[in-house]
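Engineer:
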Amino acid sequence: MGTITLIAAAASGLMAGLFFAFSVAVMPGLADLPASAAREAMRRINVRIQNPLFLLVFLGNAVLCGIEVFQGRIAGGLLYVVGCVLLTMVVNVPMNNRLEQSDDAYWPQYLRTWTIWNHVRAVACLASTVTLLLGF
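Per this note's numbering, the very first residue in the sequence shown carries number 6; after that it's consecutive.
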């Protein structure tokens, strides 16, 4: 196994863990709060997560997984690029942007839908990790 594959698998695992933590702790914790407090907390999280270390792992791994696709580990690379990065950009980021502009009435729909798609991202990243390690 090459260095790029090992780093890509580790980064996919880190992202799987982050999404897992949101699915099993952060979002359920926010669900226990009044909509106004939960919405404000999530808005702050969305600002804070856009930091250099997160972006290095999130986007840097997209580059590494792109290389993995070209090196024949198609499943592992695409699971990350499509199931993490593309899904984030197409579903979760637009929802985050809408949350920024919305009132508390949007919170229940946001919580439910965002969390479902976050589960998908967690599974995709975990599957990416496993398939990269297995050489797929």
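Backbone N, C-alpha and C fix where the C-beta goes; we use that ideal spot for every residue, glycine too.
Treat the numbers as computed from the prediction; the structure is a model and nothing was measured.
Do residue 111 and residue 117 come within 8 Å of each other at the CB atom, strictly closer than that value?
Structural biologist: Counted from its first residue, the sequence shown places residue 117 at position 112. Counted from its first residue, the sequence shown places residue 111 at position 106. No; because the gap between Cβ atoms is not below 8 Å, this pair is not in contact.
Engineer: Let's test the definition: count the other Cβ atoms within 10 Å of the Cβ of residue 21 and tell me whether it reaches 16, buried, or not, exposed.
Structural biologist: Counted from its first residue, the sequence shown places residue 21 at position 16. Burial call: buried.
Engineer: By how many angstroms is the C-alpha of residue 140 removed from the C-alpha of residue 38?
Structural biologist: Here residue 38 refers to the residue found at position 33 when the sequence shown is read from its first residue. Here residue 140 refers to the residue found at position 135 when the sequence shown is read from its first residue. Between residue 38 and residue 140, the C-alpha separation is close to 43 Å.
Engineer: How long is the line joining the alpha carbons of residue 7 and residue 75, rounded to whole angstroms?
Structural biologist: Taking the first residue of the sequence shown as 1, we reach residue 7 at position 2. Taking the first residue of the sequence shown as 1, we reach residue 75 at position 70. Taking the straight line from one Cα to the other gives about 14 Å.
Engineer: Counting Cβ pairs closer than 8 Å, one from the stretch 12 to 29 and one from the stretch 95 to 109, do we hit at least three?
Structural biologist: No: the two stretches stay apart, fewer than three of their Cβ pairs being nearer than 8 Å.
Engineer: Under three-state DSSP, which class holds residue 54?
Structural biologist: The count along the sequence shown starts at 1 and reaches residue 54 at position 49. DSSP places residue 54 in coil when its eight states are reduced to three.
Engineer: Let me know if residue 43 comes out buried or exposed under the rule of 16 or more other beta-carbons within 10 Å of its beta-carbon.
Structural biologist: Position 38 of the sequence shown, counted from the first residue, corresponds to residue 43. Buried, because 16 or more other Cβ atoms sit within 10 Å of the Cβ of residue 43.
Engineer: Pull up the CB-CB distance for residue 98 and residue 122, whole angstroms please, since I reckon it's below 8 Å.
Structural biologist: In the sequence shown, residue 98 corresponds to position 93, counting from 1. In the sequence shown, residue 122 corresponds to position 117, counting from 1. Actually they are not in contact, since the Cβ atoms of residue 98 and residue 122 sit about 11 Å apart, beyond 8 Å.
Engineer: Would residue 47 be called buried (16 or more neighbouring beta carbons within 10 Å of its own) or exposed?
Structural biologist: The residue you call residue 47 lines up with position 42 of the sequence shown. Residue 47 should be labelled buried.
Engineer: Which residues bound the alpha helix (DSSP H) around residue 126?
Structural biologist: Taking the sequence shown and counting its residues from 1, one reaches residue 126 at position 121. Per DSSP, residue 126 belongs to the alpha helix (DSSP H) from 112 to 139.
Engineer: Could you give the distance in angstroms between the alpha-carbon of residue 90 and the alpha-carbon of residue 73?
Structural biologist: Here residue 90 refers to the residue found at position 85 when the sequence shown is read from its first residue. Here residue 73 refers to the residue found at position 68 when the sequence shown is read from its first residue. Going from the Cα of residue 90 to the Cα of residue 73 covers about 15 Å.
Engineer: Which residues in the same chain as residue 132 place their Cβ atom closer than 6 Å to its Cβ, once the five residues preceding and following it in sequence are excluded?
Structural biologist: Position 127 of the sequence shown, counted from the first residue, corresponds to residue 132. Contacts found: 84.
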